[in-house]
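J.: In my numbering, the protein residues as written are -10 to 519.
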Amino acid sequence: MSTISTSLNTVVSPGVGQAQIQTQNVNPQLAPASSAPASTSVVPPASSYQVNLRSSASGTVGQTYNQAGVVSASASATVAPTAWWENKGDDHFSYLLEQNAVSATTTAGRFNGLASGLIERLHVTGANVKQAYITTSVDADAGSKAVAEAGQVSLSDLRDRPDQSLGLSVKLASGQKVSLSIKSNAGGLSVEASSDTELSETDSKALEKLAAGLEAAAQSYFGEQKINLNALSGFDTSVVSSLELNIKSGDRQVDFRIDQSHHQLKLTSPSGVIDIDVKHDNAGLRGNATQREQAIQQFLGQIDSAAKRGHADEGLIAQYKEAFSAVQKINTTDDADNLSALTPAKAPSFWDAGAGSLLTGLADFDAKITGETTTPNPLRLQENDYFNFQTSQKTTQEGQLSSGKISQKLESSLSAAFHLELKSGKKPELGESKNSQNYRYFKVDDHESSKLELGFEKNQLNSARLEKSHDRNLSISSYEFGKLIDSTTVPDKQTTVIDFSANATRDNTATEQALQRQRIITGLSGTIFL
-10 MSTISTSLNT VVSPGVGQAQ IQTQNVNPQL APASSAPAST SVVPPASSYQ
40 VNLRSSASGT VGQTYNQAGV VSASASATVA PTAWWENKGD DHFSYLLEQN
90 AVSATTTAGR FNGLASGLIE RLHVTGANVK QAYITTSVDA DAGSKAVAEA
140 GQVSLSDLRD RPDQSLGLSV KLASGQKVSL SIKSNAGGLS VEASSDTELS
190 ETDSKALEKL AAGLEAAAQS YFGEQKINLN ALSGFDTSVV SSLELNIKSG
240 DRQVDFRIDQ SHHQLKLTSP SGVIDIDVKH DNAGLRGNAT QREQAIQQFL
290 GQIDSAAKRG HADEGLIAQY KEAFSAVQKI NTTDDADNLS ALTPAKAPSF
340 WDAGAGSLLT GLADFDAKIT GETTTPNPLR LQENDYFNFQ TSQKTTQEGQ
390 LSSGKISQKL ESSLSAAFHL ELKSGKKPEL GESKNSQNYR YFKVDDHESS
440 KLELGFEKNQ LNSARLEKSH DRNLSISSYE FGKLIDSTTV PDKQTTVIDF
490 SANATRDNTA TEQALQRQRI ITGLSGTIFL
């Protein structure tokens, strides 16, 4: 994946660097930023600060948001805050930034329209954008310099430690790089946007469409805590070659990358980390929409089984299932004219379409869940609870013209440990008292694989070999009043091979070859899954 620069080079327009502050009446029907202030006071030219003050009797304090992204009740108190601009502009975007900062009551509302507005500013002005609206705790009567210094401190804290943030880096087909950054906390909003060179009309239109998708993704995440990747995947690949998105809200974060070779989604939360990487190789071997959906359901069933065996966090598993489905559906439209199809669906020259039902029909991938590790037993700190799961698919092909081979391999591993009460099977409440030490401690260590090898002659499937194996291990240690009373290990190891290679020879007649082909398809369709 090409490295995408996230540096922001600011082009200073007239008035930039002249800090502006204002105390204002906070009202949902606030007049545009270009409206005349109620009163102004200008610091003499010798000062490095230009002050633009608007005063009123009341206003809203810096807003604090709860876990649901809604402004808390404490923000309803009335005080006289002092607003400070990093670079004030008399334009619609400045008005939007101000409105979002002072009037929005949700995180989604604070970010609404800002990404699209930044792209528009880049195109219209031809200059990079760097702007912030800060509500300081300093009284305006303290003086413009004191207010500006307080604003700078608050801005530095906002950019270094935002409560919520959104970042986007885009690489255009021309090699040009464009970056956006929006950050929010209780004290204000900060935005930055940069482009290597001035945007062309074509670039701007493609970025405007992408910004609309970014808006949808941000609103979905901040407002509903949902992952809306489809909003970002339908960009014009003749203009945009790659993108990298980062969305953060408190202790939760989404990282999404997509380019010509793969797309990757990483979700971070207190319950664990989900990381899914989908490759764009072998696009011609993908199945139709029905086959892909059936395969997705197979893999979702696989994680359900692993979650049950390893006692995984239900919320983490639900996130994984949603994420896995989403990334597998990106750029998989059956419409050949769709611009979001990053890689032309070109099958190998020796391919026999009838063999498609033997493969999963999905793009190759690596998917991993790393759950939170806890230590619930204060008397046995070595007994950790954890859930780690990994699964993958890899497809390879070799050959040319009418003869060749295709191999597809699925693998999964589960490593988990958990505590259950000795008799009830519920989660125990373990303490330092021996009376609480009645429990069973489980450890799971499973590995499974499935490998399918297909051979083709004269553009027809003529050989196949499927090998499936699993090695599962479960250990259970039982304790009563803190003493080990039983220790059990349950191994389960098995390998199965189905081979249709014996009758595959170059000397087969057309009829024999057709019968061999049908035996393989009938015997192995849909059997590759773990």
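Ideal Cβ positions, reconstructed from N, Cα and C, are used throughout, including at glycine. Model, not experiment: these values are computed from the prediction.
Could you compute how far the alpha carbon of K482 sits from the alpha carbon of S458?
T.: Each residue's alpha carbon lies about 8 Å from the other.
J.: Is K447 helix, strand or coil when you go by DSSP?
T.: Here K447 sits in coil by DSSP.
J.: For L463, which beta-bridge partners are listed by DSSP?
T.: L463 is bridged to V433 and V479.
J.: In terms of residues, what are the limits of the beta strand (DSSP E) holding F518?
T.: Segment: none, F518 is in no beta strand (DSSP E) and carries neither H nor E.
J.: Smallest Cα separation from S404: which of N451, D146, I292 and K415?
T.: Of the listed residues, the one whose Cα sits closest to S404 is I292.
J.: Let's see if you can read the secondary structure: which residues bound the alpha helix (DSSP H) around Q249?
T.: That residue, Q249, is in no alpha helix (DSSP H); it is neither H nor E in DSSP.
J.: Locate the alpha helix (DSSP H) running through Q317, then write down its first and last residues.
T.: E303 to Q317 is the span of the alpha helix (DSSP H), which, as asked, contains Q317.
J.: The beta strand (DSSP E) with T124 in it runs from where to where?
T.: Residues V118 to T125.
J.: Would you check if the distance between the CB atom of N462 and the CB atom of T384 is smaller than 7 Å?
T.: For N462 and T384, no; Cβs fall outside 7 Å.
J.: Considering only the beta carbon of each residue, do Y428 and L411 sit closer than 7 Å?
T.: Their beta carbons are under 7 Å apart, which means Y428 touches L411 by this criterion.
J.: Residue range of the alpha helix (DSSP H) that I285 falls in?
T.: Element bounds for I285: A278 to G299.
J.: Is the segment 133 to 142 touching the segment 153 to 169 in the sense that three or more CB pairs, one from each, lie closer than 8 Å?
T.: Flag = no, the segment 153 to 169 and the segment 133 to 142 do not touch.
J.: What does a CB cutoff of less than 6 Å around T363 pick up in its chain, not counting 5 residues either side in sequence?
T.: Correct list, in chain order: D374.
J.: Could you compute how far the alpha carbon of E437 sits from the alpha carbon of S92?
T.: Rounded to whole angstroms, E437 to S92 spans 54 Å at the Cα level.
J.: Can you give me the C-alpha to C-alpha distance between L161 and L256, rounded to a whole angstrom?
T.: Roughly 26 Å between the two C-alpha positions.
J.: Report yes if the C-beta distance between G280 and G350 is below 7 Å; otherwise report no.
T.: This sequence places Gln at residue 280; Gly is not what is there. Taking 7 Å as the Cβ cut-off, Q280 and G350 qualify as a contacting pair.
J.: Mapping DSSP to helix, strand and coil, what is S92?
T.: The answer is helix: DSSP assigns S92 an H, G or I state.
J.: Find out if the Cβ-Cβ distance for the pair I358, A312 is shorter than 7 Å.
T.: No, the pair does not count as a contact, with Cβ atoms beyond the cut-off.
J.: Among S466, T485 and I487, whose alpha-carbon lies nearest the alpha-carbon of S476?
T.: The shortest C-alpha separation from S476 is found at S466.
J.: Smallest Cα separation from D434: which of N451, Q249, S158 and P480?
T.: Of the candidates N451, Q249, S158 and P480, the one whose C-alpha sits nearest the C-alpha of D434 is P480.
J.: For D225, which of helix, strand or coil comes out of DSSP?
T.: It is coil, neither helix nor strand.
J.: Among residues of its own chain, excluding the 5 on either side of G420, which ones have a beta-carbon nearer than 7 Å to its beta-carbon?
T.: Closer than 7 Å at the Cβ level, and outside the excluded window around G420, lie P367.
J.: Pick from I517, N497 and S183: whose alpha carbon is nearest that of I539?
T.: Nothing can be reported for residue 539: it is not among the residues displayed for the chain, which extend from -10 to 519.
J.: Where does L19 fall in DSSP's three states?
T.: With a pLDDT of only 35 at L19, under the threshold of 50, the placement of this residue in the model should not be trusted, and no figure is reported.
J.: Beta-carbon within less than 8 Å of L473's beta-carbon, same chain only, minus the 5 sequence neighbours each way: which residues are those?
T.: Excluding positions up to five away in sequence, the list reads S466 and S467.
J.: Starting from L196, trace the alpha helix (DSSP H) in both directions and tell me its first and last residue.
T.: Its alpha helix (DSSP H) spans residues E190 to E213.
J.: Along the beta strand (DSSP E) that carries Q397, what are the first and last residues, could you check?
T.: S392 to E410 is the extent of the beta strand (DSSP E) around Q397.
J.: What are the residues that DSSP puts in a beta bridge with S230?
T.: S230 is not bridged to any residue.
J.: Does A131 pass the burial test, meaning 16 or more other C-beta atoms within 10 Å, or should it be called exposed?
T.: Flag for A131 reads exposed.
J.: When you compare the CB positions of E361 and G261, do they come within less than 7 Å of one another, or not?
T.: Closer than 7 Å, so yes.
J.: Taking the alpha helix (DSSP H) that D149 falls in, what are its first and last residues?
T.: That run of the alpha helix (DSSP H) goes S133 to D149.
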